[in-house]
Amino acid sequence: MAELTYRAAVARGIAQEMERDPNVVLIGEDVAAAGGVFKTTEGLFERFGPNRVRDTPISEEAIIGAIMGAAMNGLRPIGELMFSDFLATCWDIVANQIAKTRYMTGGQVALPLVIRTANGGGNRFGGQHAQSVENWAMAVPGLKVVAPSTPSDVIGLMAAAVRDPNPVVFFEHKKLFAAKQEVPEGEIVDRLGAATIRNPGSDVTIVALAAMVSVAEEAAVVLAASGVSAEVIDLRTLVPLDTKTLLESVSRTGRLVTVEENPRLCGWGAEITSIVVEEGFWHLDAPIVRVTTPHIPLPAAAELEDLAIPSSEQVVAAVQRME
Amino acid sequence: MTSASVDESTRLAMYRDMVRARDFEQRAYDLFLEGVVQGTTHLGLGQEAVAAGFAAAMRPTDMTFCTYRGHNHTLLRGAPMPALMGELAGRKTGICGGKGGSMHLTDVPNHAMGSYAIVGAHLPIAVGAAWAGVLRGTDQVSVCFFGDGATNIGAFHEAVNLAAVWKVPVVFVCENNLYMEYTPIGDVIAVEHPAADRASAYGLESIIVDGNDVEAVHDIAVETIERARRGEGPSLVEAKTYRHKGHSRADPGKYRPDDEVAAWLERDPLTISRRRLEADGVAGDTIDAIEAESMIEVDSATEATRNAPPPDPATLMTEVWADGGSEWRN
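Top to bottom, those sequences are chains G and P. In case it helps, the working numbering puts the first sequence at residues 1 to 323. In case it helps, the working numbering puts the second sequence at residues 1001 to 1330.
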């Protein structure tokens, strides 16, 4: 066991897969000798060389278009978008080309590719470098959506994403890059579509993702002190969505709070809520509560950004307001 | 341009290809009016020489990327005509099972890697596919066709630049038919030639070819494809041509001056090719036979399409994912 940061876990996860499969390649802005602006690809260029780890121009359509073409012709490419906000600059390639091509061609084309991108707020970067946009990807049929919350999950889910024969958008949370965890040596391979119960409980289910998982866990600690037993579920992937774990938990607790960093309207918590209302309604003892970022662009100033992004205090208050 | 640069069998094969593309698209037009072909069509009538000249210069494993005006390119890479006709008509027999339609004809077994309906989007995709071929040592070249209008979109510039910087084996072919949709391309560019005048910005040679002369196209195709295969990087070819019809089914093309249309019809690539073959001593019977065979093929594909069932309703929910299904939850 060695202590590993979330940031270093990204590079380890990619290296594990590049070592295993010569068809795995990585391209993006500053990912090679520079090791990535967040240092998430450090050492890969030195280890795997310029054919497999390549810098690109600042050309997001070219980066993501190129990995699509590469996937069509036998590689298993990983493309990095420096910030998830930049998905908007290549959304045509992501949503119109990558997501739809298999279906539109009647299954002729396989696209085993991974789009990695740094997502989420908390770093005072302001409106164009801090959004949490995993719900954008979730809204498009044909994309798998992953957002790990721990270093170990980064490695295991990266492996699962690279090995998946479908396009995967892999959201790495900027606020978590420095987070540390003891991680075992050797290969780690997880699977997509399995949520994890981070904290078992019996009174309320709190569903979270990525940086919101630790927010939910902090809330659970506070709630425990006041005698409320909160179960914290880390969804880990939005597509495929592990509704079994979710519905089973709600059937025991009878209460549900979703904690999401994306803005209010059409956030993933709304879909979770819809599923639980349709399929778990008779288990519910109280209305479902969604804790979200308000429906605003993110501000830069610390005091404002902290007000915008859900906090453990907000989660505790939401639970305490429930009957 | 001397016809001696291409052997006779290749010239006849290219003529056959042009005739097949012409007849197929003319039939698609007729079947649209009849209500058999659905949705929309973007016909390449008049532009067959670009498709035929390049197709004849490509190896079977070379990859074609084209646009929504891609019936001719897909057909001439070897896609079975009944499957293309079936796709236009939304039948079970369609090459994409009826899920793609006219604008998304794809035939991966013949390396027709897709028809893309968002202007310019496929240029970076063609670059990535060609790059993958280099890494895997497959010796493949990508040929990527697009219209003059695509030269004003970001993806064009991003892709040509990346291909040039990485020396990727891709040939970009601008089919300059003088109109982006309804607006003359000359009204929306600051240079004379939409592709050729941009080439120098990416360190590429400025190449213009008569896109209605199949042999001229073939010559430039051989040269640029072999350059790509030698590892010398991409080329950007501007083929000047003209579409005989409007942009799409909804467009009668009335914005084009009558004398301009007449002049280009006079330069019909099939007429040019047939005249040249005859002048070089190819028997009229030989050419007539090619034309008759093509019509038989088109009639047969039409008959098959008329008799084909619609897609199985169960296929609505298939092929989102590689496991064949569309499930997003457990």
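Each residue gets a CB set at the ideal place from its N, CA and C atoms; glycine is no exception.
Are the beta-carbon atoms of Tyr6 (chain G) and Leu176 (chain G) separated by less than 7 Å? yes
Could you tell me whether the Cβ of Asp234 (chain G) comes closer than 7 Å to any Cβ of chain P? no
Residues of its chain near Val239 (chain G), where Cβ-Cβ distance is below 7 Å and the 5 sequence neighbours each way are ignored: Met138, Leu143, Lys144 and Val145
Val207 (chain G) beta carbon less than 7 Å from that of Val319 (chain G): no
For the beta strand (DSSP E) holding Phe171 (chain G), just list the boundary residues, first then last. Val168 to His173
What is the rounded straight-line gap between the Cα of Ile288 (chain G) and the Cα of Pro297 (chain G)? 25 Å
Got a sec, what are the start and stop residues for the beta strand (DSSP E) Gln181 (chain G) sits in? Lys180 to Val183
Could one say the Cβ of Leu1316 (chain P) lies closer than 7 Å to chain G's Cβ atoms, at least one of them? no
Contacting residues, own chain, Cβ-Cβ under 6 Å from Leu246 (chain G) (five flanking each side not counted): none
Closest Cβ-Cβ distance between Thr1183 (chain P) and chain G: below 7 Å? no
Which residues bound the beta strand (DSSP E) around Ile27 (chain G)? Val24 to Gly28
When you compare the CB positions of Ala1126 (chain P) and Ala110 (chain G), do they come within less than 7 Å of one another, or not? no
Report the rounded CA-to-CA distance for Thr292 (chain G) versus Asn262 (chain G), giving the unit in angstroms. 7 Å
Counting only runs that start and end within the stretch 89-162 of chain G, where is the beta strand (DSSP E) found for 3 or more residues in a row? 114-119 and 144-146
Ignoring anything shorter than 3 residues, give me the beta strand (DSSP E) runs that lie fully in the stretch 1137-1166 of chain P, in order along the chain. 1142-1147
CB-CB length for Glu29 (chain G) against Thr56 (chain G), believed under 8 Å: 6 Å
Contact with chain P by Glu61 (chain G), beta-carbon distance below 7 Å: yes
To the nearest angstrom, how far is the alpha carbon of Gln1026 (chain P) from that of Glu19 (chain G)? 53 Å
Collapsed DSSP secondary structure at Tyr1015 (chain P) in the structure displayed: helix
Spatial neighbours of Asn1161 (chain P) within its chain, please: C-beta separation below 7 Å, excluding the five flanking residues on both sides. Tyr1202
In or out: Glu345 (chain G) buried (at least 16 other Cβ within 10 Å) or exposed? In this structure chain G extends from 1 to 323, so residue 345 (chain G) is not present and cannot be described.
Using only alpha-carbon positions, find the residue among G:Asn166, G:Glu278 and G:Arg198 that is nearest to Glu1327 (chain P). G:Asn166
Taking a cut of 9 Å between CB atoms, which residues from the stretch 1109-1121 of chain P lie near chain G? Pro1109, Met1113, Gly1114, Tyr1116, Ala1117, Ile1118, Gly1120 and Ala1121
The stretch 209-221 of chain G touching the stretch 147-156 of chain G, judged by at least three CB pairs closer than 8 Å: yes
Verify whether the separation of the beta carbon atoms of Ala1314 (chain P) and Gly1086 (chain P) is less than 7 Å. no
Mapping the DSSP letters down to three states, classify Phe1065 (chain P) as helix, strand or coil. strand
If you count every other CB in all the chains shown that lies within 10 Å of the CB of Ser1300 (chain P), and 16 or more means buried, which is it? exposed
Please determine, among P:Asp1259, P:Ala1289, P:Arg1249 and P:Asp1285, the residue with the shortest C-alpha to C-alpha distance to Phe1032 (chain P). P:Arg1249
Determine which residues share a DSSP beta bridge with Ile233 (chain G) and list them. G:Ile197 and G:Val207
Can you tell me which of P:Gln1038, P:Pro1311, P:Ser1206 and P:Tyr1179 puts its alpha carbon nearest to the alpha carbon of Glu1332 (chain P)? Shown here, chain P extends from 1001 to 1330; a query on residue 1332 (chain P) therefore has no answer.
Bridge-paired residues (DSSP) for Leu307 (chain G): Partner(s): none; Leu307 (chain G) has no beta bridge.
Tell me the residue span of the alpha helix (DSSP H) that contains Lys244 (chain G). Thr243 to Thr253
Which residues in chain G sit within 7 Å of Lys1099 (chain P), going by Cβ to Cβ distance? Tyr103, Met104 and Gly106
If the criterion is Cβ atoms closer than 7 Å, does the pair Ala1155 (chain P) and Gly1211 (chain P) meet it? no
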